[in-house]
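A.B. asks: Residue numbers for the sequence shown, in my numbering: 5 to 751.
Glycine included, each C-beta is placed from N, C-alpha and C at the ideal position.
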Amino acid sequence: MCDRSTVARRREAPGCSPVIGGFVLPFVPFAYARRFQLLTQSDRFGPLPCSPCASLRAPADSRGTLRPTAEAQVRCLSVRSPARPEARHHVNSRHQYGGSAKDADGHTPGGAPTGAGFVGDVMDFGTQGASAPADLAWLRGVDAYTMGAYPQAEEEFRTAVRLDPGMADGWLGLHALRVDTTTALLRMYRHRDRFGEQRTRHRRTLNSWYWLGWWVQPVLESPRDLLLAHASHWLDGRHVPDLDRALAGLPPVDTDPQVRFLHACRAYLVKDWEQLVRHTDPLIDDHALGIEAGLFGGMARVRLEMYGQAEPLLAAALMRCRSEQPQRKELRYWLARAHEGTGRSAAALPLYRAVHRVDPAFMDTSARLAAIADYDGIDGADDPSDFAPVTLAGADALDYSDGYDTAYGTEGGDLKVGTDTDPPGGGQSPEADAVREKALIPAQAGPPTLPTGPADPALLQEALAELERMVGLEPVKRQVKALSAQLRMARLRADKGLPVQPPKRHFVFSGPSGTGKTTVARILGRVFYALGLLGGDHLVEAQRADLVGEFLGQTAVKANELIDSALGGVLFVDEAYALSNSGYSKGDAYGDEALQVLLKRAEDNRDHLVVILAGYPEGMDRLLAANPGLSSRFTTRVDFPSYRPLELTAIGEVLAAENGDHWDAESLDELRSISGHVVDQGWIDELGNGRFLRTLYEKSCAYRDLRLSGYPGEPSREDLATLRLPDLMQAYGEVLSGRGPGDPPGV
Numbered sequence: 005m006c007d008r009s010t011v012a013r014r015r016e017a018p019g020c021s022p023v024i025g026g027f028v029l030p031f032v033p034f035a036y037a038r039r040f041q042l043l044t045q046s047d048r049f050g051p052l053p054c055s056p057c058a059s060l061r062a063p064a065d066s067r068g069t070l071r072p073t074a075e076a077q078v079r080c081l082s083v084r085s086p087a088r089p090e091a092r093h094h095v096n097s098r099h100q101y102g103g104s105a106k107d108a109d110g111h112t113p114g115g116a117p118t119g120a121g122f123v124g125d126v127m128d129f130g131t132q133g134a135s136a137p138a139d140l141a142w143l144r145g146v147d148a149y150t151m152g153a154y155p156q157a158e159e160e161f162r163t164a165v166r167l168d169p170g171m172a173d174g175w176l177g178l179h180a181l182r183v184d185t186t187t188a189l190l191r192m193y194r195h196r197d198r199f200g201e202q203r204t205r206h207r208r209t210l211n212s213w214y215w216l217g218w219w220v221q222p223v224l225e226s227p228r229d230l231l232l233a234h235a236s237h238w239l240d241g242r243h244v245p246d247l248d249r250a251l252a253g254l255p256p257v258d259t260d261p262q263v264r265f266l267h268a269c270r271a272y273l274v275k276d277w278e279q280l281v282r283h284t285d286p287l288i289d290d291h292a293l294g295i296e297a298g299l300f301g302g303m304a305r306v307r308l309e310m311y312g313q314a315e316p317l318l319a320a321a322l323m324r325c326r327s328e329q330p331q332r333k334e335l336r337y338w339l340a341r342a343h344e345g346t347g348r349s350a351a352a353l354p355l356y357r358a359v360h361r362v363d364p365a366f367m368d369t370s371a372r373l374a375a376i377a378d379y380d381g382i383d384g385a386d387d388p389s390d391f392a393p394v395t396l397a398g399a400d401a402l403d404y405s406d407g408y409d410t411a412y413g414t415e416g417g418d419l420k421v422g423t424d425t426d427p428p429g430g431g432q433s434p435e436a437d438a439v440r441e442k443a444l445i446p447a448q449a450g451p452p453t454l455p456t457g458p459a460d461p462a463l464l465q466e467a468l469a470e471l472e473r474m475v476g477l478e479p480v481k482r483q484v485k486a487l488s489a490q491l492r493m494a495r496l497r498a499d500k501g502l503p504v505q506p507p508k509r510h511f512v513f514s515g516p517s518g519t520g521k522t523t524v525a526r527i528l529g530r531v532f533y534a535l536g537l538l539g540g541d542h543l544v545e546a547q548r549a550d551l552v553g554e555f556l557g558q559t560a561v562k563a564n565e566l567i568d569s570a571l572g573g574v575l576f577v578d579e580a581y582a583l584s585n586s587g588y589s590k591g592d593a594y595g596d597e598a599l600q601v602l603l604k605r606a607e608d609n610r611d612h613l614v615v616i617l618a619g620y621p622e623g624m625d626r627l628l629a630a631n632p633g634l635s636s637r638f639t640t641r642v643d644f645p646s647y648r649p650l651e652l653t654a655i656g657e658v659l660a661a662e663n664g665d666h667w668d669a670e671s672l673d674e675l676r677s678i679s680g681h682v683v684d685q686g687w688i689d690e691l692g693n694g695r696f697l698r699t700l701y702e703k704s705c706a707y708r709d710l711r712l713s714g715y716p717g718e719p720s721r722e723d724l725a726t727l728r729l730p731d732l733m734q735a736y737g738e739v740l741s742g743r744g745p746g747d748p749p750g751v
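1. What does the alpha-carbon distance come out to for the pair G476 and T640?
2. CA-CA distance, S349 and E315?
3. For my contact list, S713 and D731 are in at a C-beta cut-off of 8 Å; report their separation, rounded to the angstrom.
4. Applying the criterion that 16 or more other CB atoms from any shown protein chain within 10 Å of the CB defines a buried residue, is E334 buried or exposed?
5. Would you check if the stretch 568-586 and the stretch 531-550 touch, i.e. whether three or more CB-CB distances between them fall below 8 Å?
6. In this structure, what does DSSP give as the bridge partners for A618?
7. What do you reckon, are the CB atoms on A494 and Q505 nearer than 8 Å?
8. What is the DSSP secondary structure of M171, counted as helix, strand or coil?
9. Quick one: is F199 buried, meaning 16 or more other Cβ sit within 10 Å of its Cβ, or exposed?
10. Can you tell me the Cα-Cα spacing of H234 and T186, whole angstroms?
11. Around the Cβ of V281, are there at least 16 other Cβ atoms within 10 angstroms (buried) or fewer (exposed)?
12. Considering only their Cβ atoms, is the gap separating G595 from V552 smaller than 8 Å?
13. What first and last residue would you give for the alpha helix (DSSP H) that runs through D240?
14. From this set, A534, R637 and V614, which residue's C-alpha is nearest A570's C-alpha?
15. Whole angstroms is fine: what's the gap from P507's alpha carbon to L491's?
16. What residue range does the alpha helix (DSSP H) around A660 cover?
17. Taking the beta strand (DSSP E) that A546 falls in, what are its first and last residues?
18. What number of angstroms, rounded off, separates the C-alpha of G168 from the C-alpha of L273?
19. My assumption, with CB atoms under 8 Å, is that L210 sits in contact with A180. Please give the rounded CB distance.
20. I'd like to check one pair, A498 with F513: are the Cβ atoms closer than 8 Å?
21. Between E607 and D668, what straight-line distance do the alpha-carbon atoms span, to the nearest angstrom?
22. Excluding sequence positions up to five away, which residues of its chain have a Cβ less than 8 Å from the Cβ of T660?
23. If we ignore side chains and look at the alpha-carbon of each, how far apart do R711 and E472 end up?
24. Does the contact criterion of 3 or more C-beta pairs under 8 Å hold for the stretch 214-224 versus the stretch 138-158?
25. Mind checking D139: buried by the 16 CB within 10 Å criterion, or exposed?
26. Can you name the start and end residues of the beta strand (DSSP E) that T150 belongs to?
27. On the three-pair Cβ rule with 8 Å, is the stretch 366-376 touching the stretch 335-355?
28. Along the alpha helix (DSSP H) that carries L487, what are the first and last residues, could you check?
29. In terms of residue numbering, what span does the alpha helix (DSSP H) encompassing V561 cover?
30. Could you compute how far the alpha carbon of V263 sits from the alpha carbon of N631?
31. What separation, rounded to the nearest whole angstrom, lies between the Cα atoms of G664 and L740?
32. Along the chain, where does the alpha helix (DSSP H) that runs through L599 open and close?
33. Terminal residues of the continuous alpha helix (DSSP H) containing R676?
34. In terms of residues, what are the limits of the beta strand (DSSP E) holding T523?
35. Report buried or exposed for D229, applying the criterion of at least 16 other Cβ atoms within 10 angstroms of its Cβ.
36. Could you give the first and the last residue of the continuous beta strand (DSSP E) run that contains L254?
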């Protein structure tokens, strides 16, 4: 029998492993006393047999908890944990040291060894070298975790990773405890080559869980799971470049549904609706991912105005979604949007009401409830004929009036229009009245209106395609495309009678010379024109001299005439900071007058004019700081970065290709070298970024023509279209002529 009054101590006996000093077994409930064997070095008690049946003698506290003495030194440890209740996410810790059958006490019949690393029934840590203390702490952590002693488990896992920071399975234990999951996940990934090392060595089972996307919770156990969890971490943080790198390390999309789902989530994140449709279609019938795939696929189709295709997808996903799942609200909202798109507003109404009941502030639900009531004349008594059946793939029809309540999502109940959705008598419920009253308050003054000019989708796509063809400028492209999407949605909302916010029409373009500010301004004007928000797509370029007169009073006239010429299009004021010149002793009265005219006209003619102020970052910062009126009206700032070496080289190649030319291999290598050199030296902004490459190309063409003119006979087509190394070197020398070897441009 086990004695609870003393600690078992023993001398080193033959056949046992060397001592591992300094580690004390954590508190162990008496119920598990026979499952722990402390084999320590001491003279206080006589030698004990190295046997699974050796008695434990330890001092016990008032609760009967075994407390080993501080000077105890652990030599051998055998731990067998009972199968714990399913109290934590996904963890299954039924521990066996070998394939042999064991009795109720965990002993192998006849005392035979059970797997490598065991002496009798005791695991030998003496052969593990420096990793043994960390492994021992990890094993204690697993057993504490299994028994539900989570604070103790955390302490042991922390000890394990402190002793061995590369122990991926130690970080897995902390991740399973939800202790700083971000750090734990990143450390597991950093040491992914060791992921599973302790579990394999000691034949233990330990796992965790992670978020795949925003709702799915798979198990984190295998190396594949770790790669997926790492990619999902960047998705959750919306770090698209890191996400793309993580996705590149995953298996091919066609081989793994969860990998495909992550690619779908990425498409959702960047608002690539067509790609989202392509990735979700194969996942619709997936047991684990089908609901999310249906939601994403249906939502993407609504965004693409494919309402008829969206309805069955969203309806099927809503049928599969259990009442406690968080996707239910979004499924109802997007299904209602699909119903609206197909002209079935009465079918959308109970769905919007259900969403509003759960989350009144969710997206534009309140406004849509009010709009349906106003424009469709719905007074709460829905017409059952509006609830037409929706055909689902592989099924007959989903009739919302039979077996499924679209408002409450209850299965097996009848949808009784005017009874379940509305109170008896056919009137609106108090909640619906409150929704209507709340939603109508801002609408009484009338929603902001947009110009009613015709939209031109083809012109819009052409403008955005031109933007996409520009080299580099990825942050600018994202910002302009996002603005284009906002303008387009505002136009669609206005066309459907929904309230809209006035679109942003005045911008600050900040960046060095030659980074494409004028080109992007022209594209932006075409976007406004394509959406019917401007009467034309012309751009008027101006500088200080075009706005400021020779004497006070003339400036206002001159500025107004210039602005009049830009009405219906874009006024692009380059080097706008020159309008606020603090160097004048009595201030810049002329520039201030021009700014005041510009501000007033930008406000008065905001429906017919886009104003863009452009210039160097430092100058624009100074201008905005000195003029609060500008800061309040020009709230959208687009920052243009300097070009990098590879982008400069690409610009040179594009310029040549657009004119039927090309660089030979030697000149192209030298062009890369020149691009890298001017960037490294910090010259590129002074040289004009893209303008530098245009100048270099044009001068190279001139030197090529000069070279060919000295050849006897007629040059071939290839000679006429090829730029060679001597042409480029002479052109580059001319661009930098007159400067010392260490002088930057402009000196």
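C.D. replies: Considering the structure as presented:
1. 21 Å
2. 13 Å
3. Wrong, their Cβ atoms sit about 13 Å apart, outside the cutoff.
4. buried
5. Yes, the stretch 531-550 touches the stretch 568-586.
6. F513
7. yes
8. coil
9. buried
10. 9 Å
11. buried
12. yes
13. P227 to D240
14. V614
15. 6 Å
16. P649 to E662
17. L543 to A546
18. The amino acid at residue 168 is misidentified as Gly; the sequence shows Asp. If you take the alpha carbons of D168 and L273, they lie about 37 Å apart.
19. Yes, L210 and A180 are in contact; Cβ-Cβ is about 7 Å, under 8 Å.
20. no
21. 53 Å
22. Here the sequence assigns Ala to residue 660, which means Thr is not the residue at that position. Excluding sequence neighbours, A660 sits near H666, W667, Y701 and L727.
23. Approximately 36 Å, taken between the alpha carbons.
24. no
25. The residue in question, D139, is buried, as its Cβ has 16 or more Cβ neighbours within 10 Å.
26. T150 -> not in any beta strand (DSSP E); alpha helix (DSSP H) instead, spanning A136 to T150.
27. The stretch 366-376 is in contact with the stretch 335-355.
28. E478 to D499
29. Q558 to A570
30. 51 Å
31. For G664 and L740, the distance between alpha carbons rounds to 26 Å.
32. Following the DSSP letters along the chain, one finds L599 inside the alpha helix (DSSP H) bounded by residues A593 to D608.
33. Counting along the chain, the alpha helix (DSSP H) containing R676 begins and ends at A669 to D684.
34. Judged by DSSP secondary structure, T523 falls outside any beta strand (DSSP E) and instead within the alpha helix (DSSP H) spanning K521 to A534.
35. Per the 10 Å Cβ criterion, buried.
36. Neither: L254 is in no beta strand (DSSP E) and is coded neither H nor E.
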